[in-house]
Amino acid sequence: MHFHTLGEKPLDDTIDRLSIVSLARGNTVVSRTGELMLDSSALRAIDDDPQTVWLPPPNDLPQSMTIALPARARIDRVGIRTDETLPVKHVMFEGSSDGVTFREIATIGSKETIDPQWFDVPSSEATHLRVTIVDRVTPGREVRIRSILVGGSELEAPHPGELAGCWSLNDTTARFERHGSSVTGVATMGKIPMQLDGGFDGRGYRFNWTRGNDYGYAFVAVSPDGRHFNAIEWHEEAIPLFNGDSWFGEKSPACSTPPIEAEERERYLRRAGRYSLFGIRFHEDGSIDREESADSLRWLARFSANNPVQLVAHEFRRGTPAQNRAIAQRELVALRAELERAGATTNITYVAKGSDAPRQEPASDVARALYSTVDVEIRR
Numbered sequence: 574m575h576f577h578t579l580g581e582k583p584l585d586d587t588i589d590r591l592s593i594v595s596l597a598r599g600n601t602v603v604s605r606t607g608e609l610m611l612d613s614s615a616l617r618a619i620d621d622d623p624q625t626v627w628l629p630p631p632n633d634l635p636q637s638m639t640i641a642l643p644a645r646a647r648i649d650r651v652g653i654r655t656d657e658t659l660p661v662k663h664v665m666f667e668g669s670s671d672g673v674t675f676r677e678i679a680t681i682g683s684k685e686t687i688d689p690q691w692f693d694v695p696s697s698e699a700t701h702l703r704v705t706i707v708d709r710v711t712p713g714r715e716v717r718i719r720s721i722l723v724g725g726s727e728l729e730a731p732h733p734g735e736l737a738g739c740w741s742l743n744d745t746t747a748r749f750e751r752h753g754s755s756v757t758g759v760a761t762m763g764k765i766p767m768q769l770d771g772g773f774d775g776r777g778y779r780f781n782w783t784r785g786n787d788y789g790y791a792f793v794a795v796s797p798d799g800r801h802f803n804a805i806e807w808h809e810e811a812i813p814l815f816n817g818d819s820w821f822g823e824k825s826p827a828c829s830t831p832p833i834e835a836e837e838r839e840r841y842l843r844r845a846g847r848y849s850l851f852g853i854r855f856h857e858d859g860s861i862d863r864e865e866s867a868d869s870l871r872w873l874a875r876f877s878a879n880n881p882v883q884l885v886a887h888e889f890r891r892g893t894p895a896q897n898r899a900i901a902q903r904e905l906v907a908l909r910a911e912l913e914r915a916g917a918t919t920n921i922t923y924v925a926k927g928s929d930a931p932r933q934e935p936a937s938d939v940a941r942a943l944y945s946t947v948d949v950e951i952r953r
């Protein structure tokens, strides 16, 4: 239940992007009391997309969720984006330094507006937040929260949990393997499993996936204790219209899954016409972490030796198109140097697009993370 229609203009998320609590930054919902249905779960309030909503069960308030932050943070503002037709009335924010004992930060009173609402609060530190929808404006009506907003700063480097291993996932199971920044996985879904191939970017895990003739993207965040993960997947493109399921994972000591298929990169490339090199770990300055990226670099060198390849660098997370192009160019320079070092040069061309002429205009920070990558395309 995403409330999208074809041609609908996405809500501007400029103000929402000031929040330090978001899936793209590695935050995870580690517990929740309930939702009307899975695709309107509490995860939708931190998925960076103001189009989606957290929709609690009707006539059943209060409802709450607990968020694990990727790093200890100082909090000095809280806020929400609700809905002008189905607004909440009061929302309580609580903080914790251990995920067990919580103290109230503030209880805010909402206005009936779709615009983001911010409230200053006394500065405090937390590793976890609990957010509770206390009541509603109109008795008998549903309520919606589009975004949970938290202002402040992280006080340490993020330390997200490890995805490798077995997971209980919604009503199925999944297994992941990791080699440096490269990550592969499989999720048991009926007779046709979902195969995932991607990488770790320092906060979350970005994936290309295929399932039979279907393909798309997924973004996964793992809680610092390594016991919970959240994910959202998209069909074909990471745009609001193609939003898929919310995934809630719990670490499992063992699982029974189909095998992880070795040729997923080529399969995705054939289906989508491109393959995103999520397994190559770029530093902020555009340089490459050679050790972490070794698995993906070896595959790219081997694949390009037998196929005419075009590498297209996209970037959407900087302030201006010029800055995005500059980062894209630096990443290609670094990638070219690594490929020349491996002796793979003859079949490759390089295109630094940055944020120019995007295939899709990213409407959220998760989408910007997924589309800010170097894509492999077969040169015709």
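Residue numbers for the sequence shown follow our numbering, so the first one is 574 and each next one is one higher. Ideal Cβ placement from N, Cα and C applies to all residues, glycine included.
Start and end residues, beta strand (DSSP E) containing E677: 676-682
Nearest candidate by alpha-carbon position, reference R776, set D622, T601, V651, R953: T601
Cut-off 6 Å between Cβ atoms - residues of its own chain near T705, not counting five sequence neighbours on either side: P635, S637, M665
Status (buried if at least 16 other CB within 10 Å, exposed otherwise) for L579: Its pLDDT being 36, under 50, L579 is placed unreliably in this model, and the value from its coordinates should be taken loosely. Exposed.
Enclosing beta strand (DSSP E) for S869 [first to last residue]: Segment 867-879 is the alpha helix (DSSP H) holding S869; no beta strand (DSSP E) there.
Paired residues, beta bridge with I921 - DSSP: V882
Under the three-state DSSP convention, the category L722 falls into: strand
Residues near R898 by beta carbon distance below 8 Å, same chain, minus five either side: E888, A925, K926, G927, S928, D929
Proximal residues to R840 (C-beta, below 6 Å), its chain only, five neighbours per side dropped: T783
For A699: DSSP bridge partner residues: A646
Distance between beta carbons of L591 and A646, contact taken as under 8 Å: Actually they are not in contact, since the Cβ atoms of A646 and L591 sit about 14 Å apart, beyond 8 Å.
Opposing strand residues paired with K824 [DSSP bridges]: W740
Buried/exposed call for D589, threshold 16 Cβ in 10 Å: buried
Where Q636 sits in the DSSP three-state scheme: strand
Inter-residue spacing [alpha-carbon to alpha-carbon] between H856 and D862: 7 Å
Own chain, CB closer than 6 Å to F677, minus 5 neighbours either side, in chain order: Per the sequence shown, the amino acid found at residue 677 is Glu instead of Phe. If we look at E677 and ignore the five residues flanking it on each side, its Cβ neighbours are E667.
Distance, E806 Cα to D787 Cα: 12 Å
CB contact flag (P623, S720, <8 Å): yes
Coil, strand or helix - A794 by DSSP: strand
Buried or exposed (CB count within 10 angstroms, at least 16 for buried), S866: buried
Start-to-end residues for the beta strand (DSSP E) that takes in N803: 801-808
Rounded straight-line distance, which links the Cα of A835 to that of P660: 48 Å
Any 3 or more C-beta pairs closer than 8 Å across the stretch 731-740 and the stretch 692-708: no
CA-to-CA distance, T658 to R976, given in whole angstroms: Residue 976 is absent from the model: the chain starts at 574 and stops at 953.
Reference L596, options D938, V947, I951, E950, closest by Cα: D938
Host beta strand (DSSP E) of D770 (start-end): 767-773
Three CB pairs or more closer than 8 Å across the stretch 765-773 and the stretch 823-838: yes
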